[in-house]
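Asks:
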Amino acid sequence: MSRAPTRNTARHQVTVLLQAWGSGDETALQALTPLVEPHLRRVAQTYMRRERAGQTLQPTALVNEVYLRLADLGHVNLRDRAHFFTLSARLMRRILVDVARAKGNRKRGGDVRRVSFDEGLVVSTEPGADLVAVDEALAAFAIVDPRRAHVVELRFFGGLTVDETAAALKVSPETVMRDWKVAKAWLARELAKGDRHD
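Note that the sequence shown ends on residue 200 in this note's numbering; no numbers are left out.
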């Protein structure tokens, strides 16, 4: 019974610190870091476990890069914890795609990491879509269906659970699951088209 108030207290503390940071309190980000770092590190470790051998980007470096980009944004009006993780998911997506693009090899079987687009976010050993292709397909999908694209961004790039995604988007978990299913089907179809054109 004592666990829920502790979790709610921590969430409230994150919200207060985010609002303080958005209002110009530079020390708020330092106080916020230990509260949100476990989630960001978990997401980064998930990505790094899926990386090919020899990957130079490590989970700590990925999390640090998110913090650097957050700091560079200056005063951002972040409403709450969910909004923070939404922004962090976007930043992590940009960082990962920038790294993949920097490798400069988008050909099948190249050095760009392969990702499988499934619920468990597990990389397939079979040929799949590279991260840059997923990013491009997701950008196209956002034009067609922004909310469902946002569900993908939060779950796939941000590592949020169904419940966390629902809270961030202010919809039900059932809606998130429906959106996730439709989005995965759409993106899988688009990625398959790209594979046929390679």
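Glycine included, each C-beta is placed from N, C-alpha and C at the ideal position.
Measuring straight from C-alpha to C-alpha, what distance separates residue 103 and residue 74?
Replies: Straight across, the Cα-Cα distance linking residue 103 with residue 74 is about 22 Å.
Asks: Spatial neighbours of residue 168 within its chain, please: CB distance less than 8 Å, with the 5 preceding and 5 following residues excluded, ordered by chain position.
Replies: 174, 175, 177, 178
Asks: Applying the criterion that 16 or more other CB atoms from any shown protein chain within 10 Å of the CB defines a buried residue, is residue 160 buried or exposed?
Replies: buried
Asks: Measuring only the C-alpha atoms, how far is residue 33 from residue 18?
Replies: 11 Å
Asks: How about residue 12 and residue 22: are their beta carbons less than 8 Å apart?
Replies: no
Asks: Specify the secondary structure class of residue 172 as computed by DSSP and reduced to three states.
Replies: If DSSP states are grouped into helix, strand and coil, residue 172 belongs with coil.
Asks: So, does the CB of residue 13 fall closer than 8 Å to a CB anywhere in chain C?
Replies: Of the chains in the structure shown, none is chain C; there is only one protein chain.
Asks: Could you spell out the range, first to last residue, of the alpha helix (DSSP H) harbouring residue 88?
Replies: 83-105
Asks: I'd like to check one pair, residue 88 with residue 156: are the Cβ atoms closer than 8 Å?
Replies: Result yes, Cβ atoms of residue 156 and residue 88 sit closer than 8 Å.
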